Amino acid sequence: MGYLAAWRILEEIIVDFRKNGIAPPVQILNDLKSARTMMSVSRTDPCYGETTQRIGEYLDNVEFYLFSEGQKKLGDEYVDKWLWRLSEAKKKISEEEAEDTRFVLGLPREQKWIRVKPSIGLTGEKLGMLSKACNLLIRVQDDGSILVYGKEERIREFVKKMAMEYESKTLK
Numbered sequence: 005m006g007y008l009a010a011w012r013i014l015e016e017i018i019v020d021f022r023k024n025g026i027a028p029p030v031q032i033l034n035d036l037k038s039a040r041t042m043m044s045v046s047r048t049d050p051c052y053g054e055t056t057q058r059i060g061e062y063l064d065n066v067e068f069y070l071f072s073e074g075q076k077k078l079g080d081e082y083v084d085k086w087l088w089r090l091s092e093a094k095k096k097i098s099e100e101e102a103e104d105t106r107f108v109l110g111l112p113r114e115q116k117w118i119r120v121k122p123s124i125g126l127t128g129e130k131l132g133m134l135s136k137a138c139n140l141l142i143r144v145q146d147d148g149s150i151l152v153y154g155k156e157e158r159i160r161e162f163v164k165k166m167a168m169e170y171e172s173k174t175l176k
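So our numbering is basically just the index in the sequence shown, starting at one, shifted up by 4.
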């Protein structure tokens, strides 16, 4: 399922809600952020079934709120438009999800990698410190994202630390 594509549609709906003067609760925004974090975790360890389940739960929570609230405040036509877009998004794997599996030039074949975009909760400096603590190398890319690479077990450790750090920032 195209979790990332669905996540993007839900994010667009939240932006549209704000344009219409509807402020989603903090918990809904946290669920959307947590889903994105869990997607990063699942890319490094796709065998971990609970991660996929949690992504689905987070996205379902956001989806339920947005569509029930959207129907109450903006009407059935509004909801139908977004439901159609969301169902189409769930059917396909987005280009970014496919792109993340591509070969990265300049990295040895035995190296595993993950691409991370810095955010307010996890700045580039903090990501650099986490990668250094896990004995990983980093490369800043043209689009501002950070390529973190090294041994697979260290990548997993990095993602877990990153998820814990992000979760601790969102709970404060």
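From the three backbone atoms N, C-alpha and C, an ideal C-beta is built for every residue, glycine too.
Note that this is a predicted model, so its numbers are computed, not measured.
Asked, Found
"If the criterion is Cβ atoms closer than 9 Å, does the pair residue 122 and residue 134 meet it?", "no"
"Note down the Cα distance separating residue 77 from residue 40, rounded to an integer number of angstroms.", "27 Å"
"Output the boundary residues of the alpha helix (DSSP H) element that contains residue 23.", "7-23"
"Taking the alpha-carbon positions, what's the residue 27 to residue 11 distance?", "18 Å"
"Mapping DSSP to helix, strand and coil, what is residue 77?", "helix"
"Whose C-alpha, out of 23, 7, 116, 62, is nearest the C-alpha of residue 74?", "23"
"Look at residue 38 and residue 62 and say whether their C-beta atoms are less than 9 Å apart.", "yes"
"Compare the C-alpha of residue 20 against each of 8, 7, 86, 6 and name the closest.", "86"
"Can residue 151 and residue 118 be called in contact, C-beta distance under 9 Å?", "yes"
"Are the CB atoms of residue 159 and residue 116 nearer to each other than 9 Å?", "yes"
"Rounding to the nearest angstrom, what Cα-Cα distance links residue 79 and residue 16 in this structure?", "17 Å"
"For residue 140, which three-state DSSP category applies?", "coil"
"What are the residues that DSSP puts in a beta bridge with residue 117?", "153"
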